[in-house]
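A.B. asks:
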Amino acid sequence: MTEFRGPWTAGDVENFLQETTIPIRLATTRPDDSLWVVTLWYRYRDGAFECATQADADVVGFLRNEPSVAVDVSTNRVPYRGIRGNGTATISTDGARETLRDLVVRYLGDTDSSLAKRLLDDEREEVRIQIEPATVYSWDYGARMRDVSTADAD
1 MTEFRGPWTA GDVENFLQET TIPIRLATTR PDDSLWVVTL WYRYRDGAFE
51 CATQADADVV GFLRNEPSVA VDVSTNRVPY RGIRGNGTAT ISTDGARETL
101 RDLVVRYLGD TDSSLAKRLL DDEREEVRIQ IEPATVYSWD YGARMRDVST
151 ADAD
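UniProt numbering applies: residue 1 is where the sequence shown begins, and numbers increase by one.
(1) Note down the Cα distance separating residue 102 from residue 132, rounded to an integer number of angstroms.
(2) Grouping DSSP H, G and I as helix and E and B as strand, with all else coil, what is residue 75?
(3) Curious, which full-length alpha helix (DSSP H) runs of at least 4 residues does the segment 96-151 contain?
(4) Note down, in chain order, each residue of its chain lying with its Cβ closer than 8 angstroms to the Cβ of residue 5, except the 5 sequence neighbours on either side.
(5) Could you compute how far the alpha carbon of residue 1 sits from the alpha carbon of residue 50?
(6) Going by beta-carbon coordinates alone, are residue 104 and residue 96 separated by less than 8 angstroms?
(7) To the nearest angstrom, report how far apart residue 15 and residue 71 are at their CA atoms.
(8) Where does residue 30 sit, in a helix, a strand or coil, going by DSSP?
(9) Which same chain residues, not among the five before or five after residue 67, have their C-beta less than 6 angstroms away from its C-beta?
(10) Please look up how many angstroms separate the CB atoms of residue 35 and residue 24, rounded, as I've assumed it's under 8 angstroms.
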């Protein structure tokens, strides 16, 4: 069960994560115990983050070795807002192609571009990374940044 902290309700967090198409920053631990951050496309579904990547990506090995992660999804323009937290990642081939297709459409708009075609190539071996959050902390600096806000905050 996810613990939600900060000014947003669980519903507010879900709305933000559904509507915001900026990548998730995922902090992992490498085998030498040093930290590593990767940026991945995500979808938020049924209270979990889902990402897709190539099966041979370094992050896959890191997560198989140590599934504890930290996450951040936050805007890069004022007013700054977003979520951060921690949880546990699992790796699976089940649903990986479907997840990748959904992510391509979510972030690129369709599957017609050369990038989309390359990502969806049948020769690529994909995995799905599912992150079950334990704690999610939200923040929203809209009120204190009111006089410097831009119209579009992603």
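Backbone N, C-alpha and C fix where the C-beta goes; we use that ideal spot for every residue, glycine too.
Note that this is a predicted model, so its numbers are computed, not measured.
C.D. replies: In this structure, then:
(1) On the sequence shown, position 102 is the one that residue 102 refers to. On the sequence shown, position 132 is the one that residue 132 refers to. Rounded to the nearest angstrom, the two C-alpha atoms are 19 angstroms apart.
(2) The sequence position of residue 75 within the sequence shown is 75, counting from 1. Of the three classes helix, strand and coil, the one that applies to residue 75 here is coil, per DSSP.
(3) 96-108 and 114-119
(4) Here the question's residue 5 lines up with position 5 in the sequence shown. Closer than 8 angstroms at the Cβ level, and outside the excluded window around residue 5, lie 135, 136, 137 and 138.
(5) One-based indexing of the sequence shown puts residue 1 at position 1. One-based indexing of the sequence shown puts residue 50 at position 50. Each residue's alpha carbon lies about 17 angstroms from the other.
(6) Stepping through the sequence shown from its first residue, residue 104 is reached at position 104. Stepping through the sequence shown from its first residue, residue 96 is reached at position 96. No, they are not a contact pair.
(7) The residue given as residue 15 occupies position 15 in the sequence shown. The residue given as residue 71 occupies position 71 in the sequence shown. Spanning the two alpha carbons is a distance of roughly 17 angstroms.
(8) Within the sequence shown, residue 30 is the residue found at index 30, counting from 1. In the structure shown, residue 30 sits in coil (DSSP, three-state: anything other than H, G, I, E or B).
(9) Against the sequence shown, residue 67 aligns to sequence position 67. Sequence-distant Cβ neighbours of residue 67 in its own chain, meaning closer than 6 angstroms and more than five residues away, are 88 and 89.
(10) As a first step, residue 35 must be located in the sequence shown, where it is residue number 35. As a first step, residue 24 must be located in the sequence shown, where it is residue number 24. No, residue 35 and residue 24 are not in contact; Cβ-Cβ is about 16 angstroms, not under 8 angstroms.
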